[in-house]
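A.B. asks: Below: one structure in structure tokens.
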Amino acid sequence: MTEKLNARILLQPEEVPKVWVNILPDLPVPMTPLINPLDGKPAPPELAFAIFPKECVLQDVSQEPTIAIPKDLREIYATSYRPTPLHRAYGLEKEIGLEGDKIKIFYKNESVSPTGSHKPNTALAQAYYAKKEGVEELITETGAGQWGSGLAYGCNLFKIRCIVYMVRASFLQKPGRKILMKAYNAEVHPSPSNLTEAGNSFYKTNPLHPGSLGIAISEAVEHSLRSNTARYSLGSVVNFVLLHQTLIGQETKMQLAKVNETPDILIGCMGGGSNFGGLILPFVRDKLNGILPDLEIIGVEPKACPSVSKGEYRWDYGDSAKKAPILKMHTLGHTFIPSPIHAGGLRYHGIAPIISILCNNKIMYPAMHHQTEILEAGITFTKSEGILPAPECAHAIKEAIDQALKAKENNEKKVIVFNFSGHGFFDISAYEEYMAGDLTDYELPTEEILKALKSTDMPVIDETQF
Ligand SMILES: *Cc1c(COP(=O)(O)O)cnc(C)c1O
1 MTEKLNARIL LQPEEVPKVW VNILPDLPVP MTPLINPLDG KPAPPELAFA
51 IFPKECVLQD VSQEPTIAIP KDLREIYATS YRPTPLHRAY GLEKEIGLEG
101 DKIKIFYKNE SVSPTGSHKP NTALAQAYYA KKEGVEELIT ETGAGQWGSG
151 LAYGCNLFKI RCIVYMVRAS FLQKPGRKIL MKAYNAEVHP SPSNLTEAGN
201 SFYKTNPLHP GSLGIAISEA VEHSLRSNTA RYSLGSVVNF VLLHQTLIGQ
251 ETKMQLAKVN ETPDILIGCM GGGSNFGGLI LPFVRDKLNG ILPDLEIIGV
301 EPKACPSVSK GEYRWDYGDS AKKAPILKMH TLGHTFIPSP IHAGGLRYHG
351 IAPIISILCN NKIMYPAMHH QTEILEAGIT FTKSEGILPA PECAHAIKEA
401 IDQALKAKEN NEKKVIVFNF SGHGFFDISA YEEYMAGDLT DYELPTEEIL
451 KALKSTDMPV IDETQF
């Protein structure tokens with residue numbers, strides 16, 4: 001009993017990290033630039049400044065190993081929900097038949113933020129800089145609504161207008177997060193809409209078009225470029241978002257140190273790669289510096305949208321209408337329309353360029369699971385630890401369970417740490433279908449991926465020009 005009083009490892013508000021960890025100077029190859037979709041050349045700073053808050057653009061290319069978190073912003077993190085707890089998953093360990101202390105599972109609980117996921121870590125930072133720079137509106141897209149509600153929360157706190165283009169399929173099927181966004185004063189439009197050129201090209205042929213994240217991004221970028229006091233806000237993929245998320249890994253490291261542990265395996269789910277990056281990047285620095293040379297790092301994706309496992313590493317548009325910057329990343333092609341699996345947050349065609357570079361250099365590797373498998377793992381977790389995970393997050397749980405059972409079989413000692421990226425209280429319908437036995441698994445056929453990647457509108461970028 002006394003030992004188990006250690007199940008929740010807490011930090012004090014004053015222990016919120018003072019910096020973000022910038023991995024760019026540590027990478028084994030230089031970071032690739034953002035490319036202007038209009039001319040195929042590296043985006044000049046003025047273009048990026050017209051799209052994103054200026055400070056975020058500067059952070060995106062900074063080579064400083066750490067970037068100081070402004071004092072006021074750090075105070076907001078500390079008064080709202082940070083540091084978040086690290087839990088030893090005693091309940092889950094018991095549930096899956098682990099005994100003793102040979103294999104330990106820990107999870108970092110980002111579900112305690114006001115909107116229930118890690119998204120406010122960057123939403124608060126972006127809203128903070130926008131406010132400071134005199135920006136009056138932040139425009140964004142959202143799939144299932146986790147990011148939209150995160151940003152709406154941040155904007156409301158800083159009294160900035162928030163406009164969200166929400167993929168229509170989710171807007172209609174999952175009204176919960178739409179209502180939460182409205183409660184935070186956000187304006188929410190189903191996408192494709194008739195409010196933008198990009199949206200209208202789909203809307204006019206089908207006013208009930210289900211939409212995609214790629215289309216919604218195009219709408220949000222177009223909308224933000226209309227006004228000098230509006231900026232676009234992105235919830236994943238780009239360097240500065242992963243930077244903001246490194247609060248997760250830094251706190252985890254302090255918490256593990258409190259119980260004298262170092263991780264053998266780190267696990268996170270990957271949509272655009274931000275919660276995964278946030279957990280791992282502070283540890284990646286240790287791995288590259290020889291402090292944790294044997295650390296294994298696993299990013300988990302759905303079999304229905306395996307951007308890293310099966311995509312190609314190449315230049316691609318960030319969105320469907322080719323308005324957003326071009327990135328070099330693992331991609332299934334910007335025309336890819338994912339199957340309607342429940343882990344909406346993992347249905348993006350690409351991945352963060354930082355994650356692609358780590359993967360190419362074997363610093364981490366990807367894993368994939370089916371949606372029925374991950375929801376089963378989600379239920380196992382709910383039974384044993386009490387929190388219903390978001391389907392996205394259940395991918396990490398499934399992998400953590402598999403790794404623990406593999407270690408048990410091989411009679412190995414392991415400390416396994418995963419990021420609990422968010423709760424699933426708005427995703428009840430996924431579990432309802434799973435329990436009713438109504439869910440099907442989708443696996444993206446290789447031929448289909450190859451076909452999408454052959455699409456003639458994929459950009460060819462001359463890398464000798466930079
Ligand atoms: C958005 C989201 C994800 C996926 O996005 P990343 O940028 O890859 O982190 C994962 N889990 C939850 C709970 C989310 O809301």
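Note that this note's numbering has the sequence shown beginning at 1, numbered continuously upward.
Note that the Cβ used here is the ideal one computed from N, Cα and C, for glycine as well.
1. Pick out whichever of S384, P338, H330 has its Cα sitting closest to the Cα of L358.
2. Figure out for me which residue from I355, K108, D26 has the closest Cα to the Cα of L11.
3. Taking only the alpha-carbon atoms, compute the straight-line gap between L180 and S149 and give it to the nearest angstrom.
4. From which residue to which residue does the alpha helix (DSSP H) around S274 run?
5. Just verifying my parser: in three-state terms, what is the DSSP assignment at S191?
6. Please say whether P85 and E15 have beta carbons closer to each other than 7 Å?
7. Which whole-angstrom value describes the C-beta separation of S274 and A343, a residue pair presumed to lie in contact below a C-beta threshold of 8 Å?
8. Mind checking whether P368 and E301 have CB atoms under 7 Å apart?
9. For V259 and L58, I'd like the C-alpha separation in whole angstroms.
10. Report the residue ranges of all beta strand (DSSP E) runs contained in full by the region 59–111; include only those spanning at least 3 residues, in chain order.
11. Determine the direct distance from the alpha carbon of R168 to that of F202, and round the result to whole angstroms.
12. Tell me the DSSP secondary structure of S309 in three-state form.
13. From the DSSP output, read off the bridge partner residues of W315.
14. Ignoring anything shorter than 3 residues, give me the beta strand (DSSP E) runs that lie fully in the region 225–265, in order along the chain.
15. Mind checking A144: buried by the 16 CB within 10 Å criterion, or exposed?
16. Between G524 and the rest of its own chain, which residues show a CB-CB distance below 7 Å, the 5 nearest in sequence each way excluded?
17. Between the Cα of L208 and those of K406, F171, I160, P30, spot the shortest distance and give me the residue it belongs to.
18. Does E463 come within less than 7 Å of chain D when only Cβ atoms are used?
19. Any contact between the region 153–169 and the region 272–286? By contact I mean 3 or more CB pairs, one from each, below 8 Å.
20. Let me check understanding here. Comparing Cα to Cα, which of K408, E443, H423, P445 lies closest to I105?
21. Who are A367's beta bridge partners in DSSP?
C.D. replies: The answer reads as follows:
1. It is H330 whose Cα lies nearest to the Cα of L358.
2. Shortest Cα-Cα distance from L11 to any of I355, K108, D26 involves K108.
3. About 7 Å.
4. 274–288
5. strand
6. no
7. Incorrect: roughly 15 Å between the Cβ atoms, too far for contact.
8. Note that residue 368 is Met in the sequence shown here, rather than Pro. Cβ distance < 7 Å, so M368 and E301 count as in contact.
9. 37 Å
10. 66–68, 86–88, 103–109
11. 12 Å
12. helix
13. K328
14. Unbroken beta strand (DSSP E) runs of no fewer than 3 residues, entirely contained in the region 225–265, are found at 230–232, following chain order.
15. A144 counts as buried, since at least 16 other C-beta atoms from the protein chains shown sit within 10 angstroms of its C-beta.
16. Past the boundaries of the shown model lies residue 524; the chain is included only from 1 to 466, so the question cannot be answered.
17. Comparing Cα positions, the closest option is F171.
18. The structure shown contains no chain D; it is built from a single protein chain.
19. no
20. Nearest option by C-alpha distance: K408.
21. V300
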